[in-house]
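Scroll down for the structure; my scribbles are underneath it.
In the UniProt record's numbering, the protein residues as written are 1 to 176.
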C-alpha cells in the first residue's frame, strides 16, 4: 500500500510534457529494438514534426532515412509508442480517413490525460523508463510475415463463379 501511494505521488509530481530531445531518444531506442530484424543500421532520424491541438503539443512524428517513421506521445502519462513503420513514410497532408481517425483517437486520449491530470499507470511509467535507457531494450525480432502470399487477379480461374459475359476473361464478368 505504501509503495502504491509513493508511485502515485511521484507520478503526480513528475508527469510532464516530453521534450523533443527525450522523444527523439525514445524513437531511436525503438528503432534499435524493433527494427533489428530489418537492416537496423541504416535507419536514422532525419526530421521531426509535431501534431498539436491549439498550442498543446500532442504527438511527435520522427521521419526516418531511408524510409519509415516513429510516432511518440508528447506527454509521459500516455504510452510512448503510438505507431511506427520501416516500410512506409508518414505523410500528414491528405491523410486517409482511417489514419486520420487513428491520429485523432490518440490526440483525444493525450488531451484527456493532460486536461484531467490523469495519473500514468505503472506499465506506462515502465515503458518510458525502458525507452529512455538503451541498456533496457529487448533486441528481438518483431517482424511478422504476411499470413497469405496468394495473389488474386481478375483473369480466368478467379472469376469462374461470376455471371457469364462473353467479353470478359474466360467468358465471365470481371470481378471488382
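Glycine included, C-beta positions come from ideal geometry on N, C-alpha and C.
Beta-carbon separation (whole angstroms), residue i vs residue j, contact threshold 8 Å
| i | j | result |
| --- | --- | --- |
| residue 64 | residue 45 | 6 Å |
| residue 137 | residue 33 | 4 Å |
| residue 89 | residue 68 | 7 Å |
| residue 107 | residue 62 | Incorrect: roughly 17 Å between the Cβ atoms, too far for contact. |
Extent of the continuous beta strand (DSSP E) run through residue i
| i | result |
| --- | --- |
| residue 83 | 81-85 |
| residue 57 | 56-65 |
| residue 49 | 44-53 |
| residue 32 | Where residue 32 is concerned, there is no enclosing beta strand (DSSP E), although the alpha helix (DSSP H) it sits in stretches over 20-34. |
Cβ-Cβ distance between residue i and residue j below 9 Å
| i | j | result |
| --- | --- | --- |
| residue 75 | residue 30 | no |
| residue 56 | residue 119 | no |
| residue 43 | residue 50 | no |
Residue i in three-state terms, based on DSSP
| i | result |
| --- | --- |
| residue 121 | coil |
| residue 127 | helix |
| residue 164 | strand |
| residue 90 | coil |
| residue 102 | helix |
| residue 76 | coil |
| residue 71 | strand |
| residue 96 | coil |
Residue i CB to nearest heavy atom of the ligand HEM below 8 Å
| i | result |
| --- | --- |
| residue 24 | In the structure on display, the ligand HEM does not appear, and there are no ligands present to speak of. |
Do the stretch 116-135 and the stretch 75-94 meet, that is, are 3 or more Cβ pairs less than 8 Å apart? yes
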